[in-house]
Amino acid sequence: MSVARHNFIERVSAVEDALTQPLLIDKNLTDAAHNNRARILRNGLMVVTFSGLEDFIRERSAEVLNFVSRTSLRFDDLPRDLAVAATVEAMRAAHSRALMASRQGDDPIPILQGAAAEVASTLQGPLSISKYALGYAGSNIGAEEVSNILKTLHAADPWNEITLLGSRVGLGSTPLRDAYAQGLRLRNQAAHRADTNIQPTELLTFCQQAKAIALGFDLLASRAARLLHDSTQSFAQQTKNKLSQDISIIFVDHDGRHFVSKRENVGRALKREADETAAWLYAVSKARPKFEAIVLRNKSGTPTRWESTDCA
């Protein structure tokens with residue numbers, strides 16, 4: 047399993063669990079001390095949750111870039127956007143990170159040396175695309191940068207595609223570009239405005255939206271990475287394609303007694319298991335031959351885990 051994916055799911059689950067604790071719930075208006083503590087804690091969790099989504103986007107992008115780096119294509123045959131990201135953008139972002147490290151009292155030289163070696167690999171090989179190629183343009187990742195990361199990986203119409211995937215797995219049909227932008231605004235308010243009061247419902251809603259965004263981003267980036275890794279020169283140079291319609295999903299649903307594996311839009315179950323782990327492993331084994339995604343959902347139909355077999 048992707049380390050980035052595991053860390054993100056664990057982080058969001060912890061926030062969702064924290065939201066059930068009395069310490070985060072306001073009491074009567076007269077209990078000002080408790081309410082003030084709850085407000086500060088909720089504000090902090092908003093920052094943590096959005097930062098966790100940003101971390102996931104950066105770290106998952108680095109994982110798929112590492113996978114793409116093992117392609118048999120020549121660097122010159124990769125999509126132009128990716129070639130520019132792996133060179134010009136990687137050096138620009140690495141320089142920015144080195145300056146940031148220097149201001150914090152850390153040694154900037156290893157950052158620049160590592161990035162320079164990775165950029166040099168685009169000329170002489172073996173290819174090693176720098177993590178700084180994607181997701182490091184600024185201190186925060188805006189909605190446009192999320193879109194640009196997927197476009198660079200040769201995926202078209204990213205935000206609409208992310209929204210479609212989120213809807214297909216049961217995480218609602220709210221336009222997720224708007225949800226991401228609102229999450230960033232709430233994060234900045236929580237971090238910088240003393241009077242901000244993030245409500246539990248806002249946090250819980252964003253946790254669900256963050257999962258939808260992460261899942262959609264992950265499945266699209268993973269599919270794009272595999273297609274690039276396995277591609278011929280002609281595919282890498284052709285027009286970007288929408289990818290979501292070709293991503294098939296196997297669900298593992300908890301019906302109250304069993305964990306039921308079934309393909310999307312197919313009534314008949316593949317298998318029923320009493321044990322969650324057994325059901326998950328079975329679904330993964332069925333998904334791998336056709337590069338399908340797997341999504342685990344709880345009793346309420348909410349995804350709690352997913353995996354891509356395109357680029358694990």
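Its first residue numbered 47, the sequence shown is counted upward by one per residue in our numbering.
Ideal Cβ placement from N, Cα and C applies to all residues, glycine included.
Predicted model, so just to flag it, every value in this text is computed and none were measured.
Kindly indicate which residue of the options has the alpha-carbon position closest to the one of residue i.
i    : options                : result
S294 : A260, K317, S268       : S268
A329 : N311, W352, G347       : W352
I259 : E207, T198, A132       : E207
A271 : D356, A333, I340, A256 : D356
G181 : D101, S167, S290       : D101
S107 : T251, A256, N194, Q235 : N194
W326 : V298, T209, L111, S174 : V298
E164 : A140, D153, G151, L145 : A140
M92  : V130, T242, A179, S346 : T242
G216 : M47, A144, L342, M137  : L342
A256 : T220, Q245, A136, A240 : T220
L232 : G151, F96, S59         : F96
Drop a sphere of 10 angstroms on the beta-carbon of residue i, count the other beta-carbons inside from all chains shown, and report buried for 16 or more, exposed for fewer.
i    : result
R88  : buried
E56  : exposed
K177 : buried
H200 : buried
V312 : exposed
D264 : buried
K336 : exposed
S346 : exposed
Using a Cβ-Cβ cutoff of less than 8 Å, which residues in the same chain neighbour residue i once the five nearest sequence positions on both sides are dropped?
i    : result
A189 : W205, R223, Y226, A227, L230
F113 : A271, R272, H275, C357
Using the C-alpha atoms, what's the distance from residue j back to residue i?
i    : j    : result
A161 : R149 : 19 Å
V134 : L119 : 20 Å
E109 : T198 : 15 Å
F4   : V306 : With the chain covering only 47 through 358, there is no way to say anything about residue 4.
L172 : M146 : A small fix is needed here, since residue 172 is Pro in this sequence, not Leu. So the two alpha carbons sit approximately 29 Å from each other.
I296 : G218 : 18 Å
A166 : L128 : 15 Å
Any heavy atom of the ligand ZN closer than 7 Å to the beta-carbon of residue i?
i    : result
A108 : Absence of the ligand ZN from the depicted structure is noted, as is the absence of any ligand whatsoever, leaving it without description.
Just to confirm my understanding: we take residue i, look at its own chain, exclude 5 residues before and 5 after, and list those with CB closer than 6 Å. What are they?
i    : result
N344 : H300, T350
T125 : Residue 125 is actually Pro in this sequence, not Thr. Answer for P125: H200, A282, listed in chain order.
E62  : C253
A132 : T168, I175, A179
Below 7 Å CB to CB, which residues in the same chain sit around residue i once its five sequence neighbours on both sides are set aside?
i   : result
G98 : F54, R57, V58
Exercise. Please specify which runs of the alpha helix (DSSP H), each continuous and at least 4 residues long, are wholly inside the stretch 166-248, giving them in chain order.
Key: Whole alpha helix (DSSP H) segments, 4+ residues: 189-198, 204-214, 222-238.
Quiz item: What are the uninterrupted segments assigned as alpha helix (DSSP H) that are 4 or more residues long and contained completely in the stretch 78-130, given in chain order?
Solution: Runs of the alpha helix (DSSP H) lying entirely within the stretch 78-130, each at least 4 residues long, are 78-114, 126-130 in chain order.
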